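Structure, as structure tokens:
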Amino acid sequence: MTVPALISEVDSTWLKAQQRGRCGPVRHFPVHLGLHYTGRQRRYHARGATSLRLTHKQLLVSTAPLARFGRQFHLHAHRLFRPAFHVLLSDGDEGLKRLRQTHFPQTPGVLDRWHIAQAVLAFTGPNQAEFRRLMRSLWAADSQAALRALSQSSLRLQRPQEFHALFGYLQANRQGIDAWRQLPRRLRTGRGRTPPAIKSGSGALEKNIEVEINRRFKRQGRSWQPERAERLLQLKRLLAQPRPWDRWWRSQPRFTLKPHPP
Amino acid sequence: MEATRAAGCQLYVEAFRALREDWLAWRRDRFTAQRWRTLQWLTPFGVVALPVRVVRQKASGRYFTLSQVLFRSKATRLLSPTVEQAACAAATEQNYRPAARTLSRSIGTRLGPWLVWACVQFHGARRLLELQKAPPPPRPPHDRARPDQ
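Residue numbers (the working numbering), protein chains in the order written: chain A, 44 to 305; chain B, 150 to 298.
Below, the structure written as structure tokens:
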């Protein structure tokens, strides 16, 4: 499908691993989520309604290692869409950055602004004036100015550890901060009541993490084995698509399987 | 309601018997019919005593029931495919225990959470296998252009 823009968001979350008779620390394993969509449209046409729907939404969830997940995510996008412009949104995680470099080398990677704000908030604490001063250049997608503003911060000597953490974060994610300005203006600004196709945050994926993972997998006392969680995840994804779900139950299995797989 | 359930059960039994007779009629050169047995199955109409035919393979002399041949895609011996589908749908929404409780209420017979668990694991593994064995999509153009591949 040829589309003017394709927005991909990728993120990871952690599930508690099942350990029978545990004596050491609690272990966790990652679940990776990837979301492709081509824009946003208003869900309701009533005046004042703010609810939006993602167009051509495709979600991929897996407990597979990040390298394998990245490959699947890339192939998924390639198989379904022929975009004129492609952008990838993620937080500043090292693994996700590597995923972008390996599988989406030509795609600009935008850093999610909510995560930037959280990193700045960890440094400034309750000092709102300082928070606003630092965020001003970040909202303008100017990492150089942000680093300069940070170096002039009055909190630098009071909170050296937090300062170094934020400095490292901004330094490591400069490309992601500046990438916002590389996006075509028509994609990042809405017209009238039409919402923009691209937003500066990965909120769409964060909500999907909440709905797909947290509500089922992270309730009180729940722990999982990765392969069992993966099976349930795939069934959940299938159930979310009514036609493939019906087709799946009508189809004859192509492979034989043990009645109780481990 | 009871009459509908009874009619549904009867329909299940007759359809199953006809299916087995037909299957055997087509393979009479390879299998011989031995005897009828019954299998307690949980269906959306309640528990049904399904007629199961024990057959013997002429070539190897081995005995087996037709369920082993016809229902390889099933996770459990007890549940019908329709109930297994309902179990998977219920268990993806909540935990296994409430899912089993919901199903038990709709079927009218007590159903253990382990059966629901078995359904989810079996069909989830089947789905994963299908996804893994599916033919891969064509490679992206810039992948082919890489010198190291």
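Think of the CB as a built atom: it goes at the ideal place given N, C-alpha and C, for glycine as much as any other residue.
Nothing here was measured: the structure is a model prediction, and the numbers come from that model.
Work out the CA separation of Gly67 (chain A) and Leu193 (chain A) for me, nearest whole Å.
-> Straight across, the Cα-Cα distance linking Leu193 (chain A) with Gly67 (chain A) is about 40 Å.
Quick one: is Phe213 (chain B) near chain A, going by C-beta distance under 8 Å?
-> No, because no Cβ of chain A sits closer than 8 Å to the Cβ of Phe213 (chain B).
Give the single residue among B:Ala238, B:Arg226 and B:Leu264 whose Cα lies nearest to the Cα of Leu188 (chain B).
-> Comparing Cα-Cα distances from Leu188 (chain B) to each of B:Ala238, B:Arg226 and B:Leu264, the minimum goes to B:Arg226.
Simplified DSSP assignment, three categories, for Lys59 (chain A) | Lys59 (chain A) carries a strand assignment under DSSP once its states are collapsed to helix, strand and coil.
Would Arg290 (chain A) count as contacting chain B if we go by Cβ distances under 8 Å?
-> Judged by the 8 Å Cβ criterion, Arg290 (chain A) is not in contact with chain B.
Measure the C-alpha to C-alpha separation of Glu242 (chain B) and Leu278 (chain A) and round it to an integer number of angstroms.
-> CA-to-CA, the gap between Glu242 (chain B) and Leu278 (chain A) works out to about 10 Å.
If we ignore side chains and look at the alpha-carbon of each, how far apart do Leu154 (chain A) and Asp185 (chain A) end up?
-> Distance between the alpha carbons of Leu154 (chain A) and Asp185 (chain A) is about 12 Å.
Taking the C-alpha atoms as reference points, what is the distance between Ala294 (chain B) and Arg250 (chain B)?
-> Note that Ala294 (chain B) has pLDDT 43, beneath the 50 cutoff, so the model's placement of it is unreliable and the number below is only indicative. Distance from the CA of Ala294 (chain B) to the CA of Arg250 (chain B), rounded to the nearest whole angstrom, comes to 56 Å.
Under 8 Å (Cβ pairs) to chain A, residues found in the segment 265–279 of chain B | Cβ contacts with chain A: Ala267, Val269, Gln270, Phe271, His272, Gly273, Ala274, Arg275, Arg276, Leu277, Leu278 and Glu279.
Which word fits Asp134 (chain A), buried or exposed, when buried means at least 16 other C-beta atoms lie within 10 angstroms of its C-beta?
-> Buried: at least 16 other Cβ atoms inside 10 Å.
Starting from the Cα of Ala140 (chain A), find the closest Cα among A:Arg286, A:Val53 and A:Ala189 and give me that residue.
-> Ala is not the amino acid found at residue 140 (chain A); the sequence shown has Lys there. Residue A:Val53 is the option with its Cα nearest to Lys140 (chain A).
Indicate the three-state DSSP secondary structure (helix, strand or coil) for Ile256 (chain B) in the structure shown.
-> Ile256 (chain B): helix per DSSP, three-state reduction.
Backbone CA spacing between Thr98 (chain A) and Gln263 (chain A) [nearest angstrom] | Between Thr98 (chain A) and Gln263 (chain A), the C-alpha separation is close to 34 Å.
Please report the residue range of the beta strand (DSSP E) in which Gln234 (chain B) lies.
-> Run containing Gln234 (chain B): none in the beta strand (DSSP E); it sits in the alpha helix (DSSP H), Pro230 to Glu242.
Look at the Cβ atom of Val203 (chain B), then the Cβ atom of Val162 (chain B), and state whether they are nearer than 8 Å.
-> Against a cut-off of 8 Å, the Cβ pair of Val162 (chain B) and Val203 (chain B) comes out as no contact.
Excluding five sequence neighbours on each side, which residues of the same chain lie with their C-beta closer than 7 Å to the C-beta of Arg176 (chain A)?
-> Correct list, in chain order: Ala192.
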